[in-house]
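Anchor point for the sequence shown: position 181 equals 182 in this note's numbering, and the numbering is continuous, going up by one each time.
Ideal placement from N, C-alpha and C gives every residue a C-beta, glycine not left out.
Predicted, not measured: the structure shown is a model, and the values here were computed from it.
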Amino acid sequence: MSAKAHLKDFQAPVFKDLTSAIRALAMDAVEKAKSGHPGMPMGMAEIAEVLWIHHLRHNPANPKWPDRDRFVLSNGHGSMLLYALLHLTGYDLPMEEIKRFRQLHSKTPGHPEYGVTPGVETTTGPLGQGLANAVGMAIAEKVLAAEFNRPGFDIVNHYTYVFLGDGCLMEGVSHEACSLAGVLGLGKLICFYDDNGISIDGHVEGWFTDDTPKRFEAYGWHVVPHVNGHDPVAIQRAIEEAKAVTDKPSLICCKTVIGMGAPNKAGSHDVHGAALGEAEVAATRPHIGWHYGPFEIPKEVYDAWDARAKGAKLEAQWNAKFAEYRKAYPREAAEFERRIKGELPEGWETHVQALIRRVNDKAETVATRKASQIAIEALAPHLPELIGGSADLTGSNLTHWSGSRPLTRTDGGNYIHYGVREFGMSAIMNGMALHGGFIPYGGTFLVFSDYARNAVRMAALMKTRTVFVFTHDSIGLGEDGPTHQPIEHAASLRLIPNMEVWRPCDTVETVVAWVRAIERRDGPVALLLSRQNVPFQARDADALERIRRGAYVLSEAVGGAPRCVIIATGSEVPLAMGAQKALADEGIPVRVVSMPCTSVFDRQDPQYREAVLPRGVPRVAVEAGVSDYWRKYVGLEGAVVGIDTFGESAPAADLFKHFGFTVENVVKAVKSVL
2 MSAKAHLKDF
12 QAPVFKDLTS
22 AIRALAMDAV
32 EKAKSGHPGM
42 PMGMAEIAEV
52 LWIHHLRHNP
62 ANPKWPDRDR
72 FVLSNGHGSM
82 LLYALLHLTG
92 YDLPMEEIKR
102 FRQLHSKTPG
112 HPEYGVTPGV
122 ETTTGPLGQG
132 LANAVGMAIA
142 EKVLAAEFNR
152 PGFDIVNHYT
162 YVFLGDGCLM
172 EGVSHEACSL
182 AGVLGLGKLI
192 CFYDDNGISI
202 DGHVEGWFTD
212 DTPKRFEAYG
222 WHVVPHVNGH
232 DPVAIQRAIE
242 EAKAVTDKPS
252 LICCKTVIGM
262 GAPNKAGSHD
272 VHGAALGEAE
282 VAATRPHIGW
292 HYGPFEIPKE
302 VYDAWDARAK
312 GAKLEAQWNA
322 KFAEYRKAYP
332 REAAEFERRI
342 KGELPEGWET
352 HVQALIRRVN
362 DKAETVATRK
372 ASQIAIEALA
382 PHLPELIGGS
392 ADLTGSNLTH
402 WSGSRPLTRT
412 DGGNYIHYGV
422 REFGMSAIMN
432 GMALHGGFIP
442 YGGTFLVFSD
452 YARNAVRMAA
462 LMKTRTVFVF
472 THDSIGLGED
482 GPTHQPIEHA
492 ASLRLIPNME
502 VWRPCDTVET
512 VVAWVRAIER
522 RDGPVALLLS
532 RQNVPFQARD
542 ADALERIRRG
552 AYVLSEAVGG
562 APRCVIIATG
572 SEVPLAMGAQ
582 KALADEGIPV
592 RVVSMPCTSV
602 FDRQDPQYRE
612 AVLPRGVPRV
622 AVEAGVSDYW
632 RKYVGLEGAV
642 VGIDTFGESA
652 PAADLFKHFG
662 FTVENVVKAV
672 KSVL
């Protein structure tokens with residue numbers, strides 16, 4: 002559609018009512034809740050109308066249509082904009098839910114939440130992360146298209162659109178993600194910058210004076226500057242220009258007035274994060290020509306917004322194309338459908354069991370980071386949906402395998418060199434997982450999970466199928482010293498709800514942890530892996546299955562009922578085993594429990610938990626991390642061999658001895674509780 006033809010549409014009398022409906026719903030919902038952010042929805046109404054009515058390919062009846070365009074509201078505080086759009090265009094979001102904005106168990110929470118509201122593609126609110134998620138979605142589209150499209154069959158061909166604000170651009174994660182997006186030439190990524198000059202503290206010129214267009218041009222983006230965000234024709238022309246550039250992501254810089262339409266508060270930070278107030282709401286209605294009551298939308302406005310018929314037609318056209326694709330490429334079509342559904346390939350369990358037996362029989366003594374690479378090497382050929390990467394530590398994290406192919410500007414691949422961008426990497430992985438068709442994994446040192454922390458938390462909140470590979474998991478890192486030696490990190494990750502943290506002790510536990518990470522469909526998994534070699538632990542055949550339960554009896558007490566249980570994880574399991582032997586020589590029978598994943602163990606039935614950790618038997622926990630976390634297992638009467646200070650710079654063996662991670666000290670701890 003040409004800009005001239007489109008101009009006629011914008012001159013239609015109904016157009017103003019379309020944008021006024023957004024403004025009215027936003028101010029009414031926020032006013033009813035006495036909480037929220039009306040300013041951004043009111044300021045971006047025209048941009049939303051042009052994009053959603055004239056460009057966005059979506060089907061409200063099927064929010065999971067694989068080839069839909071993705072829309073991400075990175076400035077998620079303006080959630081009422083998205084809720085208004087979803088409601089008006091025909092998603093399963095009735096007016097009663099709009100009226101329940103920000104109320105308990107509503108489908109309209111304060112910030113958009115993935116899995117709560119139909120049509121919401123990602124949870125946003127922590128600024129900048131939605132933008133980074135969108136980069137991941139655009140990467141997923143690019144790689145899927147390269148893998149599955151065939152001449153005449155562009156079955157993967159959609160855009161990722163993003164609304165973002167000043168706050169998103171001030172957050173450092175926007176630099177990480179957008180810099181990489183420019184390098185990769187993500188031409189299907191189009192972002193709209195809501196340049197309203199306002200943040201919570203007021204006018205941003207006191208703290209944000211970046212030349213944003215030049216910044217993004219330096220990243221290698223196509224930039225459309227100085228667009229009047231309240232002029233539909235200018236917005237339409239900018240979108241057409243952005244779509245014409247296929248080898249670069251685009252940033253459309255839209256100058257807007259926050260709270261547009263509010264006669265006394267527009268352009269002020271007063272409308273950013275607070276209800277307009279009854280008097281201003283009443284004054285706004287005639288000012289924007291909206292002569293309807295709260296939450297009242299006339300039929301002609303609903304009809305103009307309704308995207309259901311158009312969406313059904315678009316999806317039907319795609320389904321017809323895919324049916325022809327299936328006839329021409331049956332293997333590729335079946336594989337595409339499997340991956341979009343998130344199902345594992347046929348014969349998966351057989352392959353996994355054979356792999357575990359093979360690794361168990363080989364009984365290698367290697368670092369668990371190397372065991373992780375062994376697992377990837379064995380599993381990845383059966384899982385083309387695995388897409389890996391590292392934040393500039395590939396050779397240390399060992400996240401690559403023999404079939405790794407780097408993703409570049411011109412070629413699809415299955416491995417991403419993220420550069421030194423731990424936060425961006427993690428948020429981008431979340432976006433790929435949300436897009437569908439991939440199980441992303443990415444590596445960095447455990448201590449740098451701090452950089453990635455909020456994206457890791459968001460993965461747990463959204464229940465994404467994301468795998469975080471954190472290596473160099475303790476003072477065993479050695480000479481790099483306390484800046485690089487994690488102390489509190491394992492415990493802090495375990496405290497995140499819905500996060501599974503696995504700290505395996507050898508090759509077999511590492512493979513089991515990887516299998517769990519791939520099989521889990523309701524949340525992320527973090528793998529905590531050692532830099533240093535750890536000995537293989539012999540175990541009976543039944544123990545191989547019990548590893549999956551998070552904790553198990555690795556070695557039963559010899560010479561009678563156990564007088565103490567030693568609980569250990571990761572590289573400290575050998576210390577527990579050594580202490581068990583030393584104590585047995587003194588006639589003190591001790592059980593050793595390996596607990597690679599505390600949260601999985603905590604979910605087991607009470608009978609199993611008590612069978613592993615019997616009541617009345619004293620306990621000692623051993624882990625090279627903060628000790629307080631283990632009090633939930635050992636109680637006040639038990640002991641913890643841990644570390645509650647920062648580390649030192651020295652060879653790993655010297656550090657373990659210095660900080661008391663020795664067989665002798667574990668023996669001493671056991672005797673202290675008997």
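Rounded to the nearest angstrom, what separates S269 and K322 at their Cα positions? Numbered from 1 along the sequence shown, position 268 holds the residue referred to as residue 269. Numbered from 1 along the sequence shown, position 321 holds the residue referred to as residue 322. Rounded to the nearest angstrom, the two C-alpha atoms are 50 Å apart.
Identify which residue in V144, N431 and V121 has its Cα closest to the Cα of R406. Locating residue 406 in the sequence shown gives position 405, counting from the first residue. Out of V144, N431 and V121, V144 has the C-alpha closest to the C-alpha of R406.
Run through the stretch 118-197 for me and flag every whole beta strand (DSSP E) of 3 or more residues, listed as ranges in chain order. For the stretch 118-197, whole beta strand (DSSP E) runs of length 3 or above, ordered along the chain, are 161-166 and 190-196.
Could you tell me the boundaries of the alpha helix (DSSP H) in which Y326 lies? Translated into the one-based positions of the sequence shown, residue 326 becomes position 325. Its alpha helix (DSSP H) spans residues R309 to A329.
Just to confirm the assignment, what range does the beta strand (DSSP E) spanning T445 have? Residue 445 sits at position 444 when you count from the first residue of the sequence shown. According to the DSSP assignment, T445 belongs to the beta strand (DSSP E) that extends over I440 to F446.
Along the chain, where does the alpha helix (DSSP H) that runs through G432 open and close? As a working mapping, residue 432 is identified with position 431 in the sequence shown. E423 to H436 is the span of the alpha helix (DSSP H), which, as asked, contains G432.
Whole angstroms are fine: how far does the CA of G44 sit from the CA of Q486? Here residue 486 is taken as the residue at index 485 of the sequence shown, counted from 1. Here residue 44 is taken as the residue at index 43 of the sequence shown, counted from 1. The alpha-carbon separation between Q486 and G44 amounts to approximately 47 Å.
Which residue comes first and which comes last in the alpha helix (DSSP H) that contains V457? Counting from one through the sequence shown, the residue named residue 457 turns up at place 456. Where V457 is concerned, the enclosing alpha helix (DSSP H) starts and stops at S450 to M463.
Once the 5 residues before and after A456 are set aside, which same chain residues still bring their CB inside 7 Å of it? If you number the sequence shown from 1, residue 456 lands on position 455. Taken in chain order, the residues that qualify are Q130, F424, S427, A428 and N431.
Outcome for I201 when other beta-carbon atoms lying within 10 angstroms are tallied against a minimum of 16: Sequence index remark: in the sequence shown, residue 201 carries index 200 (1-based). Classification for I201: exposed.
Would you please state the rounded distance, in angstroms, between the beta carbons of V552 and V594? I believe it to be under 8 Å. Taking the first residue of the sequence shown as 1, we reach residue 552 at position 551. Taking the first residue of the sequence shown as 1, we reach residue 594 at position 593. Residue identity check: residue 552 is Ala in the sequence provided, not Val. Going by Cβ atoms, the distance from A552 to V594 rounds to 6 Å, so yes, they are a contact pair.
Meets three-Cβ-pair contact criterion under 8 Å: the stretch 495-503 and the stretch 512-519: The stretch 495-503 vs the stretch 512-519: in contact.
According to DSSP, is I553 part of a helix, a strand, or is it coil? Against the sequence shown, residue 553 aligns to sequence position 552. This sequence places Tyr at residue 553; Ile is not what is there. Correct three-state label for Y553: strand.
Counting only the same chain and skipping the five closest in sequence on each side, list residues whose C-beta sits under 6 Å from that of F154. Locating residue 154 in the sequence shown gives position 153, counting from the first residue. In chain order, Y326 place their CB closer than 6 Å to the CB of F154, counting only its own chain and leaving out the 5 sequence neighbours on each side.
Could you give the DSSP three-state label for K249: helix, strand or coil? Stepping through the sequence shown from its first residue, residue 249 is reached at position 248. Reduced to three states, the DSSP call for K249 is coil.
Relative to the C-alpha of A1, which candidate in H490, P483 and V667 has its C-alpha closest? It is not possible to answer for residue 1, since the shown part of the chain is limited to 2 through 675.
Is the distance from the Cβ of A135 to the Cβ of V163 below 7 Å? Working through the sequence shown from its first residue, we reach residue 135 at position 134. Working through the sequence shown from its first residue, we reach residue 163 at position 162. Taking 7 Å as the Cβ cut-off, A135 and V163 qualify as a contacting pair.
Please tell me whether P563 and R592 are closer than 7 Å, where the distance is taken between their beta carbons. By 1-based counting over the sequence shown, the position of residue 563 is 562. By 1-based counting over the sequence shown, the position of residue 592 is 591. Going by C-beta atoms, P563 is nearer than 7 Å to R592.
Could you please give the first and the last residue of the uninterrupted beta strand (DSSP E) stretch that includes F471? Translated into the one-based positions of the sequence shown, residue 471 becomes position 470. First-last of the beta strand (DSSP E) with F471: V468 to T472.
Closer than 7 Å by C-beta to E242: which residues in its own chain qualify, once you throw out the five before and the five after it? Chain order, please. The residue you call residue 242 lines up with position 241 of the sequence shown. Within the same chain, E242 has close Cβ partners V225.
Would you list, in sequence order, the uninterrupted alpha helix (DSSP H) runs of no fewer than 4 residues that lie entirely inside the stretch 199-282? If we require 4 residues or more, the alpha helix (DSSP H) runs fully inside the stretch 199-282 come out as 213-220 and 233-245.
With a 10 Å radius around its C-beta and 16 neighbouring C-beta atoms as the bar for buried, classify F261 as buried or exposed. Here residue 261 refers to the residue found at position 260 when the sequence shown is read from its first residue. Note on identity: in this sequence residue 261 is Met, with Phe being the wrong assignment. Result: buried.
DSSP on I644, reduced to helix/strand/coil? The count along the sequence shown starts at 1 and reaches residue 644 at position 643. DSSP places I644 in the coil class of the three-state scheme, outside both helix and strand.
Look at the Cβ atom of P441, then the Cβ atom of T467, and state whether they are nearer than 7 Å. As a working note, residue 441 is residue 440 in the sequence shown. As a working note, residue 467 is residue 466 in the sequence shown. P441 places its beta carbon less than 7 Å from that of T467.
H418 - partner residues in DSSP beta bridges: Here residue 418 refers to the residue found at position 417 of the sequence shown. According to DSSP, which records beta bridges pairwise, H418 is partnered with S391.
Taking all protein chains shown into account, do 16 or more other C-beta atoms lie within 10 angstroms of the C-beta of G183, making it buried, or fewer, making it exposed? Counted from its first residue, the sequence shown places residue 183 at position 182. Its Cβ being crowded by 16 or more others within 10 Å, G183 is buried.
Can you say whether D507 is buried or exposed, counting buried as having 16 or more other CB atoms within 10 angstroms of its CB? The sequence position of residue 507 within the sequence shown is 506, counting from 1. D507 comes out buried.
Span separating the alpha-carbon of G420 from that of T395: Along the sequence shown, read from residue 1 onward, the residue named residue 420 stands at position 419. Along the sequence shown, read from residue 1 onward, the residue named residue 395 stands at position 394. The alpha-carbon of G420 is positioned some 10 Å away from that of T395.
Tell me the rounded alpha-carbon separation between D29 and G91. Locating residue 29 in the sequence shown gives position 28, counting from the first residue. Locating residue 91 in the sequence shown gives position 90, counting from the first residue. One Cα belongs to D29, the other to G91, and the distance between them is close to 19 Å.
Separation of S493 from S673, as counted between CA atoms: On the sequence shown, residue 673 is found 672 positions in, with the first residue counted as 1. On the sequence shown, residue 493 is found 492 positions in, with the first residue counted as 1. One C-alpha to the other measures close to 28 Å.
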